[in-house]
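Chemist:
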Amino acid sequence: MPHAVIALAAVSGAGVVAAFAAWASALWIEGRSEQAVTSRLLDAGITWATPHADGLQLHLAGTAPNEAARFRAVNLAGTVIDASRVRDMLDVTPVKAIEAPKFSVEMLRNDDGIQLIGLLPTSDSADALLAEAQSLRTDGAISDMLETAAYPAPAGWDDAFAFGMEAVKRLPRSKISVTAGRVSITAIATSAEEQRRLTNELNAARPQGLEVSIEISAPRPVLTPFTMRFVLDEQGARFDACAADTDRARARILAAGRAAGVPGRPNCIVGLGVPTPSWADAVAIAINAVSSLGEATITFSDADVSLVAADSVSQADFDRIVGELDSALPEVFSLTATLERASDAALGPAEFTATLSAEGRVELRGRVTDELLRNAASSYARARFGVGKVYSATRLDNDLPDGWPVRVLAGLEALGELAEGRLLVRADTVEVEGVTGSQIARSRISQVLSDKLGQGQTFRVSVRYDEKLDPLAALPTPQECAARVTAVLERRKITFPPGSAEIDGQTVGIMDALAEALEDCPAVRMEIAGYTDSQGSDSGNLALSQARADAVLLALQGRGVTVDALKATGYGEANPIADNATEAGREANRRIEFVLLDQPAAAAAGATSGTPAPAQVDAAAEPSGDDDPSVAPTEKTRRPLARPARDG
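In my numbering, the protein residues as written are 309 to 956.
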């Protein structure tokens, strides 16, 4: 019995030891398998998969970036242990929807041709852009590097693309970059006036909500003579003329002016033709001298410098400050200084005056040296201000001072820079005062007088800028032009005889009103669209509507309207605005509409004035029909003019 117990215990102990050994062996195998597979995966750069051994099986867990990566991880594990032991428990990252590409286009236009680069959402956009480029470059110098992708246009793309095409039409030397919701424009103008006009036109055509960057540069003008005129008198400190050769020089001159009391931000032209690189230093020194005198005027005309101090300045101060100025000016400059005296103002009764009225009429009065000067002054005035606008009532005086003819003619040239004003010529001074619509008129007048009168001669310029007289500032927006046309067509209708394209003689007066409304809208792109009712054949309707639109265009051209931006198109019975089953509806459909083209801002303006309605011209009853829809403008490019809101 004891032997049996001992034997049983021995067998049991052996079983326990065997089981423990088997369990330990399994753990060791599992650990080794995990370590080996982990090492192999890490060597391959796979960090997203985690092996976990379960007995003889090895589970791979984790999230693979794609199916190919998952398959690779399973295969790598199968090269370390028996592939049948590997259990694929991996997830795969869901496939994301393919995002639309970033659409953009860059248009480069110069004298050598047009380059188009970019990715557009549809082939229609590319075709439209190529067609527009071809119309701008009849020589065919177009580099087409456009591509398209079959994705819908993102928000803001249509307005940006349309505005970019409008910009490339207006700017012959430009780079226009278009993305959804933003247009960047870099261009070169031929002059400062063109720079300002183009900037105004583009700002007026900019769609509401579109981010636009406009940088239009202009070449520096050649200034002859290079002129600066600084005045300090009872009216305060001011620049009658200011010129600089660099931006740094301009900043230095304006800083000296502000220190002497010049208010605001005076205009100072940066141009070419400076007589010396030390121009800004000399001007700043001279302005400081005038400030020290308290009441004086200094004029630079190239290297000639003229200083005139008022009679309120003492002789001692005049001598001291002029001596210091003469010593401080660079050697290239020649200074002439004069101290006025109270008696200087009464050098004699001799005067010549010219008065320019707001209507453009000029009256010449006072004294001239001889018949030759009288004829010369009258002839110059007629050439400058217009034949039939000059009245001359001058008298001859042989005892006038030397240089009188030069002073008279220079004064008339200066007066021509004004919209309204007065010229006074005396033995001691030339005075020009008035109102102008040009921001550079004062500088131009000072430049003319300093050049023509010569060094040491005194003159006075008192010119006020009035924005209402500025033809660029007063240029109406496309929406204002549209409102004018709408107002004319709402007051009175134009009719055509049945079946005819000749404007009815009884209503021809409306064309005069339309011509007047479009007189200062030469750059506004409009379509004169002709429509008929549904009676008659399609081809007949189309031909009749085209002929009537052409008749309106020719009538405007015959009244002096610039029609380069106008386009006449017939659409037959397309786009009816009323029911063709009734006579009243057919009469409403027989019409001509003035439509703004490529003017996105017009839609925004019209949306604020109530229900939009096209500006129309009604025609009498006639046969009518359908047009080819392939040539009909789309709603994105054709914006009917909205009726202006009525007071009350």
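Here a beta-carbon is modelled for each residue, glycine too, at the ideal position from N, C-alpha and C.
Remember, predicted model here, so these are calculated numbers, not experimental data.
Suppose you measure from the CA of Thr487 to the CA of Ala470; what does that come to, to the nearest Å?
Modeler: So the alpha carbons of these two residues sit roughly 11 Å apart.
Chemist: CB-CB under 8 Å to Gln865, same chain, minus the five flanking residues each way: which ones, in chain order?
Modeler: Val871
Chemist: Just mark Pro409 as buried or exposed, buried being the case when its beta carbon has 16 or more other beta carbons within 10 Å.
Modeler: exposed
Chemist: Under three-state DSSP, which class holds Ala449?
Modeler: coil
Chemist: Using the three-state DSSP reduction, which class does Gln516 fall into: helix, strand or coil?
Modeler: coil
Chemist: Could you give the distance in angstroms between the alpha-carbon of Arg556 and the alpha-carbon of Glu739?
Modeler: Their backbone Cα atoms lie some 32 Å apart in a straight line.
Chemist: In terms of alpha-carbon separation, which member of Asp435, Ala701, Asn683, Ala691 lies closest to Leu672?
Modeler: When Asp435, Ala701, Asn683, Ala691 are compared, the shortest CA-CA separation from Leu672 is found for Ala701.
Chemist: Where does Gln755 sit, in a helix, a strand or coil, going by DSSP?
Modeler: helix
Chemist: Near Asp452, which residues of its chain fall below 7 Å by C-beta distance, leaving aside the five closest residues on each side in sequence?
Modeler: Leu424, Leu438
Chemist: Using 8 Å as the threshold, is the C-beta distance between Ile629 and Ser600 below it?
Modeler: Yes.
Chemist: Grouping DSSP H, G and I as helix and E and B as strand, with all else coil, what is Gly353?
Modeler: coil
Chemist: In the stretch 723 to 775, which residue ranges form an unbroken beta strand (DSSP E) of at least 3 residues, counting only runs that do not cross its ends?
Modeler: 728 to 733, 738 to 744, 767 to 773
Chemist: For the alpha helix (DSSP H) containing Arg683, name the first residue and the last one.
Modeler: Inspection of the sequence shows that residue 683 is occupied by Asn rather than by Arg. If you look at Asn683, you'll find it in the alpha helix (DSSP H) that goes 679 to 693.
Chemist: Between the Cα of Ala361 and those of Met397, Ile354, Ala434, Asp736, spot the shortest distance and give me the residue it belongs to.
Modeler: Met397
Chemist: Under a three-way DSSP split, which group does Ala876 fall into?
Modeler: strand
Chemist: Going by beta-carbon coordinates alone, are Arg528 and Leu479 separated by less than 8 Å?
Modeler: no
Chemist: Kindly confirm or deny that the stretch 609 to 627 and the stretch 565 to 575 touch, where touching means at least three C-beta pairs closer than 8 Å.
Modeler: no
Chemist: Could you check whether Pro533 and Gln755 sit closer than 8 Å to each other, using their CB atoms as the reference points?
Modeler: yes
Chemist: Give me the Cα-Cα distance between Leu540 and Val520, rounded to the nearest whole angstrom.
Modeler: Each residue's Cα considered, the two are about 42 Å apart.
Chemist: Applying the 10 Å Cβ sphere with the 16-neighbour rule, what's the burial state of Ala765?
Modeler: Rather than Ala, the amino acid found at residue 765 in this sequence is Gln. Under this definition Gln765 is a buried residue.
Chemist: CB-CB under 8 Å to Val716, same chain, minus the five flanking residues each way: which ones, in chain order?
Modeler: Phe660, Val676, Leu681, Ala685, Val733
Chemist: Between the Cα of Ala352 and those of Ser758, Glu375, Val382, spot the shortest distance and give me the residue it belongs to.
Modeler: Val382
Chemist: Classify Ala463 as buried or exposed, calling it buried when 16 or more other Cβ atoms lie within 10 Å of its own Cβ.
Modeler: exposed
Chemist: Hey, Arg856 and Gly838 are a contact pair by Cβ (cut 8 Å); roughly how many whole angstroms apart?
Modeler: 5 Å
Chemist: Beta strand (DSSP E) containing Ser700: first to last residue?
Modeler: Boundaries of the beta strand (DSSP E) harbouring Ser700: 698 to 704, taken from the DSSP string.
Chemist: Can at least three beta-carbon pairs, one atom from the stretch 810 to 823 and one from the stretch 841 to 850, be found at a separation below 8 Å?
Modeler: Segments in contact, no.
Chemist: Evaluate Asn897 with the Cβ neighbour count: other Cβ atoms within 10 Å of its Cβ, from every protein chain shown; 16 or more gives buried, anything less gives exposed.
Modeler: buried
Chemist: Can you tell me whether Lys760 is buried or exposed, with buried defined as 16 or more other CB within 10 angstroms of its CB?
Modeler: buried
Chemist: Thr670 and Val698: beta carbons closer than 8 Å?
Modeler: The sequence shown places Val at residue 670, rather than the Thr named in the question. Contact: yes.
Chemist: If you count every other CB in all the chains shown that lies within 10 Å of the CB of Asp548, and 16 or more means buried, which is it?
Modeler: buried
Chemist: Evaluate Ser499 with the Cβ neighbour count: other Cβ atoms within 10 Å of its Cβ, from every protein chain shown; 16 or more gives buried, anything less gives exposed.
Modeler: Burial check for Ser499: the Cβ neighbour count within 10 Å stays below 16, so the residue is exposed.
Chemist: For the putative contact between Leu861 and Ala790, defined by C-beta atoms under 8 Å, what is the C-beta separation to the nearest angstrom?
Modeler: Not quite, the Cβ-Cβ distance comes to about 17 Å (not below 8 Å), so this is no contact.
Chemist: Is Pro786 buried or exposed, if buried means 16 or more other CB atoms sit within 10 Å of its CB?
Modeler: buried
Chemist: Using only the alpha-carbon positions, how far apart do Phe693 and Gly724 sit?
Modeler: 7 Å
Chemist: Out of curiosity, what's the CA-to-CA distance linking Thr346 and Leu518?
Modeler: 56 Å
Chemist: Out of curiosity, what's the CA-to-CA distance linking Val796 and Ala825?
Modeler: Approximately 8 Å between the Cα atoms of the pair.
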